[in-house]
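K.L.:
Here it is: the structure, laid out below.
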Amino acid sequence: LRSVRWRIDTPTHPAVAHAPAAIPFDLEETQPAALARLLAEHDLKPNMAVELVEQAAERRRDIPTEDALAWAYYRAGRLDEAAAAATRALRTGTRDRRVLYHAAAIQHALRDELSVAD
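Numbering-wise, the sequence shown is residues 441 to 558 according to the working numbering.
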């Protein structure tokens, strides 16, 4: 057991040796998807949130970014685009409660929009 224990800050630890290649992270780089999520979660500046997360989605198409995109579109009243992004966020069968909540809220809003149109 002792031979298996490594300290994470030990340069010989495999995770440390491969970290620069595995996790390219620049502390100076802005995080537009995170800011967009914050704006959308608090229903602040929905158009700015959409713009920011669309920029992020040009570089990343992962589940958190797609979810942020879906929620920003939802808050901006762009329900069809929100539904498409939510579908992409759910593509792997995620069980993330926030992603599931956002997708359900978007589907509910779409049903409400359809019933008003009838």
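Yeah, the Cβ is synthetic: ideal placement off N, Cα and C, and Gly gets one too.
(1) Could I get the ranges of all uninterrupted alpha helix (DSSP H) runs contained in the segment 486-523, with 4 residues as the minimum, in chain order?
(2) Counting only beta-carbon separations shorter than 7 Å, does Ala508 have a partner in chain C?
(3) Just reading off the alpha helix (DSSP H) that Leu479 is part of, what are its end residues?
(4) Could you give the C-beta distance for Val539 and Ala523, rounded to a whole number, given that I count them as a contact under 8 Å?
(5) With DSSP collapsed to three states, give me the class of Glu468.
(6) Less than 8 Å between C-beta atoms, sequence neighbours within five positions excluded: which residues of the same chain meet that for Asp483?
(7) What's the call for Val493, buried or exposed, on a 16-neighbour Cβ count within 10 Å?
(8) Out of curiosity, what's the CA-to-CA distance linking Pro486 and Thr527?
(9) DSSP three-state call for Arg528: helix, strand or coil?
(10) Would you call His542 buried or exposed, if buried means 16 or more other Cβ atoms sit within 10 Å of its Cβ?
P.N.:
In short:
(1) With a minimum length of 4 residues, the unbroken runs of alpha helix (DSSP H) contained wholly in the segment 486-523 fall at 486-499, 503-515.
(2) No chain C is part of this structure, which consists of one protein chain only.
(3) 472-481 is the span of the alpha helix (DSSP H), which, as asked, contains Leu479.
(4) Rounded, the Cβ-Cβ distance is 14 Å, inconsistent with contact.
(5) Annotation note: pLDDT 46 at Glu468 (below 50); position unreliable, coordinate value reported separately. Coil at Glu468, not helix or strand.
(6) Shown here for Asp483: same chain residues with a beta carbon closer than 8 Å to its own, the five before and five after excluded, namely Arg515 in chain order.
(7) Flag for Val493 reads buried.
(8) Looking at the two C-alpha atoms, the distance is approximately 20 Å.
(9) In this structure, Arg528 counts as helix in the three-state DSSP scheme.
(10) That one is buried.
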